[in-house]
Amino acid sequence: MTSCRICASTVDEFYDFGRQPLSDAFPPVGSEGQEFFFRLAVGICRSCLMVQLMEEVLREHMFNEDYPYFSSGSTVMRAHFEALAKRLVAKEVETDSPFVVELGSNDGVMLRTVADAGVPHLGIEPSSSVGEVARAQGIDVLTAFFEEETGKQVAAERGLADVVFSANTVCHIPYMDSIFAGLDALLKPQGIFMFEDPYWGDIVERASFDQIYDEHYYLFSATSVRNMARQFGFDLVDVERLPVHGGEVRYTVARQGARPVSDAVEALIAEETQRGLHEEATLTGFADRVTGIKNNLVTLLERLRSEGKKVVGYGATAKSATVANLCGLSTEVVEFVVDTTPAKQNRLTPGTHLPVRPPEAFSDPGYPDYALLFAWNHAEEITAKETNFRESGGRWILYLPDVHVV
Ligand code: SAH
Ligand code: TMP
Ligand code: ZN
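The opening position of the sequence shown corresponds to residue 43 in our numbering, with each subsequent residue numbered one higher.
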């Protein structure tokens with residue numbers, strides 16, 4: 043039996059993805075035999091309605107000096123975080139002892155703009171591979187996992203924060219009791235904790251099951267985040283839906299009673315209730331769709347193989363580990379995967395061991411017949427720069443919300 047990491051009630055499993063590797067551990071050729079695997083399965087807490095993984099992976103296995111995800115690799119995401127940083131600096135920072143903290147600051151994609159504005163800041167980032175890139179740009183970075191002790195230490199050394207911001211990181215952290223204790227130590231009385239993560243409502247709508255992998259321990263909704271905040275003495279005071287990464291929500295929480303609750307919070311929770319987002323029928327419906335997509339994708343790739351078509355993957359995303367391992371992909375059906383990240387290139391995809399090649403391999407010696415778009419969340423950016431592929435007769439394979447070719 044799995045106990046909820048938020049409220050200790052029982053978690054009911056609703057989908058088992060089976061044996062999966064670490065989504066961001068790309069083994070060098072020759073070391074495939076030493077990979078770490080775990081059982082990836084997802085469930086829901088019947089009490090606080092938090093969607094969460096059934097098994098937890100040790101954080102040091104995932105986030106360390108080899109972590110290969112560099113946030114600044116996407117132009118769209120750079121612009122997204124620049125705009126957010128400008129807004130935080132303009133609206134949320136007091137003139138008296140201003141201080142902005144970011145959890146999971148990665149390569150500095152957000153804090154760069156805060157630093158440029160001359161605002162005191164600190165990124166808390168356990169993966170030194172990415173943290174060093176930020177530090178080299180003059181951004182203050184503490185190489186550590188955020189938790190209660192870190193919050194107390196930073197408050198003692200640097201003072202209290204106006205804002206603690208975090209993107210695509212809070213959902214990675216099972217130990218939320220410790221996180222909120224750290225926030226309580228670190229935030230000014232009226233301070234806010236703002237975080238954005240993949241939204242369970244969008245995952246259900248698009249059947250984007252590949253958002254479920256080792257690092258995404260929680261799949262948040264407004265309902266479950268409100269329950270979580272209350273559990274730890276905070277309020278959910280605002281929500282904003284975001285188009286990035288396939289649909290996210292930006293949540294703002296503050297100490298109970300410190301800030302008024304916006305109408306958007308009640309509206310999104312009401313919408314979630316009306317959609318039955320946490321109900322049994324929705325969860326079984328989601329599970330059925332995942333199985334359907336898996337079967338259809340395997341069938342399509344087998345057919346293309348039998349027709350002698352060349353298929354390559356585009357974007358060795360963390361998400362693609364779930365798809366590739368669930369479907370049991372091999373180089374027989376997907377010859378290799380292209381990706382712009384040097385730390386992933388010339389290595390193998392986790393668990394399935396497809397070679398990862400630099401983007402030049404997409405067109406040289408010639409375009410493939412089909413490209414399986416694993417980085418579907420960057421579709422606009424990618425299709426805009428790969429117009430030659432489409433014009434030369436190449437087709438994109440998409441698997442969400444169902445398998446289709448465009
Ligand atoms: N904020 C960036 C990076 C997201 S990747 C973006 O949105 O693109 C998630 C990051 O969280 C990784 O860099 C990882 O090292 C970091 N991380 C994981 N656990 C953490 C913790 N407990 N405290 C702070 N950062 C953490
Ligand atoms: P993400 O979906 O977690 O942001 O990961 C995107 C991956 O796709 C990352 O490994 C970088 C890669 N990528 C490309 O190869 N080409 C691109 O144009 C973009 C935007 C990303
Ligand atoms: Zn719970």
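Ideal Cβ positions, reconstructed from N, Cα and C, are used throughout, including at glycine.
Just so we're clear, the structure is a prediction, and the values are computed from it rather than from any experiment.
Y241 beta carbon near ligand 2 (any heavy atom closer than 7 Å): As a position in the sequence shown, residue 241 is number 199, starting the count at 1. For ligand 2, not one heavy atom lies less than 7 Å from the Cβ of Y241.
According to DSSP, simplified to helix, strand and coil, what is M236? The count along the sequence shown starts at 1 and reaches residue 236 at position 194. Note: M236 maps to strand in three-state DSSP.
Cα-Cα, which of R292, Q94, G436, A249 is closest to V445? The residue given as residue 445 occupies position 403 in the sequence shown. Out of R292, Q94, G436, A249, A249 has the C-alpha closest to the C-alpha of V445.
How many angstroms separate the CA atom of Y268 from the CA atom of R297? Within the sequence shown, the letter at position 226 stands for residue 268. Within the sequence shown, the letter at position 255 stands for residue 297. It should be pointed out that residue 268 corresponds to Arg in this sequence rather than to Tyr. About 12 Å.
For the 8 Å Cβ check, are there 3 or more pairs between the region 179-194 and the region 239-258? no
Which listed residue (L339, P63, G334, F207) has its alpha carbon closest to that of H103: By 1-based counting over the sequence shown, the position of residue 103 is 61. It is P63.
Assign V447 to one of three DSSP states: helix, strand, or coil. Here residue 447 corresponds to residue number 405 of the sequence shown, with the count starting at 1. In this structure, V447 counts as strand in the three-state DSSP scheme.
At a cut of 8 Å, does the region 137-148 reach the region 202-213 through at least three beta carbon pairs? yes
Nonlocal neighbours in the same chain, by C-beta distance under 8 Å from G370, ignoring five residues either side: Numbered from 1 along the sequence shown, position 328 holds the residue referred to as residue 370. Excluding positions up to five away in sequence, the list reads V340, T394.
When you get a sec, list the residues whose CB is within less than 6 Å of any heavy atom of ligand 3, chain order please. C46, I48, C49, S51, C87, S89, C90, M92
So, is Q316 buried or exposed, given that buried needs 16 or more other C-beta atoms within 10 angstroms? If you number the sequence shown from 1, residue 316 lands on position 274. Label assigned to Q316: exposed.
Chain-order list of residues whose beta-carbon lies under 7 Å from that of Y54 (same chain, five-residue window excluded): Position 12 of the sequence shown, counted from the first residue, corresponds to residue 54. In the sequence as displayed, the identity of residue 54 is Asp instead of Tyr. If we look at D54 and ignore the five residues flanking it on each side, its Cβ neighbours are G85, I86, R88.
Nearest residue (CA-CA) to P392, options V99, F431, P69, N338: Taking the sequence shown and counting its residues from 1, one reaches residue 392 at position 350. P392 has its Cα closest to that of P69, out of V99, F431, P69, N338.
Under a Cβ-count criterion, where at least 16 other Cβ atoms within 10 Å of its own Cβ denotes burial, should N430 be classed as buried or exposed? As a working mapping, residue 430 is identified with position 388 in the sequence shown. It is exposed - the Cβ of N430 has fewer than 16 other Cβ atoms within 10 Å.
Might you give, ordered along the chain, the residues of its own chain that have their beta carbon closer than 7 Å to the beta carbon of E290, omitting 5 neighbours on each side? Here residue 290 is taken as the residue at index 248 of the sequence shown, counted from 1. Only E238, D239, P240, Y241, L284 meet the Cβ criterion.
With burial defined as no fewer than 16 other Cβ atoms inside 10 Å of the residue's Cβ, what is the status of E257: buried or exposed? In the sequence shown, counting from the first residue as 1, residue 257 sits at position 215. Burial call: buried.
If contacts are defined as beta-carbon pairs under 8 Å, then A203 and V143 qualify, I think. What distance do you get, rounded to the angstrom? Translated into positions along the sequence shown, residue 203 becomes position 161. Translated into positions along the sequence shown, residue 143 becomes position 101. Going by Cβ atoms, the distance from A203 to V143 rounds to 5 Å, so yes, they are a contact pair.
In three-state terms, what does DSSP make of Q195? Taking the first residue of the sequence shown as position 1, residue 195 is located at position 153. Q195: helix per DSSP, three-state reduction.
Less than 7 Å separating the Cβ of S116 from some heavy atom of ligand 2? For the purposes of this step, residue 116 is identified with residue 74 of the sequence shown, where counting begins at 1. True, at least one ligand heavy atom lies under 7 Å from that Cβ.
For S208, the residue or residues it bridges with in DSSP: Numbered from its first residue, the sequence shown carries residue 208 at position 166. Its beta-bridge partners are L145, F237.
Any chance the CB of T155 is under 7 Å from a heavy atom of ligand 1? Against the sequence shown, residue 155 aligns to sequence position 113. Not so, every heavy atom of ligand 1 lies at least 7 Å from the Cβ.
By the 10 Å Cβ neighbour count, where 16 or more other Cβ atoms means buried, how is D277 classified, buried or exposed? To locate residue 277, count along the sequence shown from 1; it is residue 235. So D277 ends up on the buried side.
Using the beta-carbon count (16 or more within 10 Å), is K361 buried or exposed? Here residue 361 is taken as the residue at index 319 of the sequence shown, counted from 1. Buried: at least 16 other Cβ atoms inside 10 Å.
With a threshold of 6 Å on Cβ separation, who are the neighbours of V365 within its own chain once the five nearest residues in sequence on each side are excluded? In the sequence shown, residue 365 corresponds to position 323, counting from 1. The answer, listed in chain order, is D252.
Residues near A186 in its chain [Cβ-Cβ closer than 7 Å; skip 5 each side]: In the sequence shown, counting from the first residue as 1, residue 186 sits at position 144. Same-chain partners within the cutoff: I166, P168, T192.
What residue ranges within the region 379-427 form continuous beta strand (DSSP E) runs of no fewer than 3 residues, ordered along the chain? 412-415
Which of helix, strand or coil DSSP assigns to S45: Taking the first residue of the sequence shown as position 1, residue 45 is located at position 3. Strand at S45.
For F276, the three-state DSSP class (helix, strand or coil): As a first step, residue 276 is located in the sequence shown; it is residue number 234 there, counting from the start. Correct three-state label for F276: strand.
Which stretch, first to last residue, makes up the alpha helix (DSSP H) that contains L343? Against the sequence shown, residue 343 aligns to sequence position 301. 322-348 is the extent of the alpha helix (DSSP H) around L343.
Determine the contact status of E449 and G224, defining contact as a CB-CB distance below 8 Å. Look at the range of the chain in this structure, 43 to 448, and you will see that residue 449 is not part of it.
Boundaries of the alpha helix (DSSP H) in which T364 is found, first to last residue: Residue numbering aside, residue 364 sits at position 322 when the sequence shown is read from its first letter. 360-369 is the span of the alpha helix (DSSP H), which, as asked, contains T364.
With 16 other Cβ atoms within 10 Å as the buried cut-off, status of L100: Locating residue 100 in the sequence shown gives position 58, where the first residue counts as 1. It is exposed - the Cβ of L100 has fewer than 16 other Cβ atoms within 10 Å.
CA-CA distance, H214 and V448? Here residue 214 refers to the residue found at position 172 of the sequence shown. Here residue 448 refers to the residue found at position 406 of the sequence shown. One C-alpha to the other measures close to 33 Å.
Continuous beta strand (DSSP E) stretch holding L319: start and end: Within the sequence shown, numbered from 1, the residue matching residue 319 stands at position 277. Per DSSP, L319 belongs to no beta strand (DSSP E) and is neither H nor E.
Would you say the beta carbon of G288 comes nearer than 7 Å to a heavy atom of ligand 1? Against the sequence shown, residue 288 aligns to sequence position 246. Not so, every heavy atom of ligand 1 lies at least 7 Å from the Cβ.
Start-to-end residues for the beta strand (DSSP E) that takes in T137: On the sequence shown, position 95 is the one that residue 137 refers to. First-last for T137: undefined, no H or E at that position.
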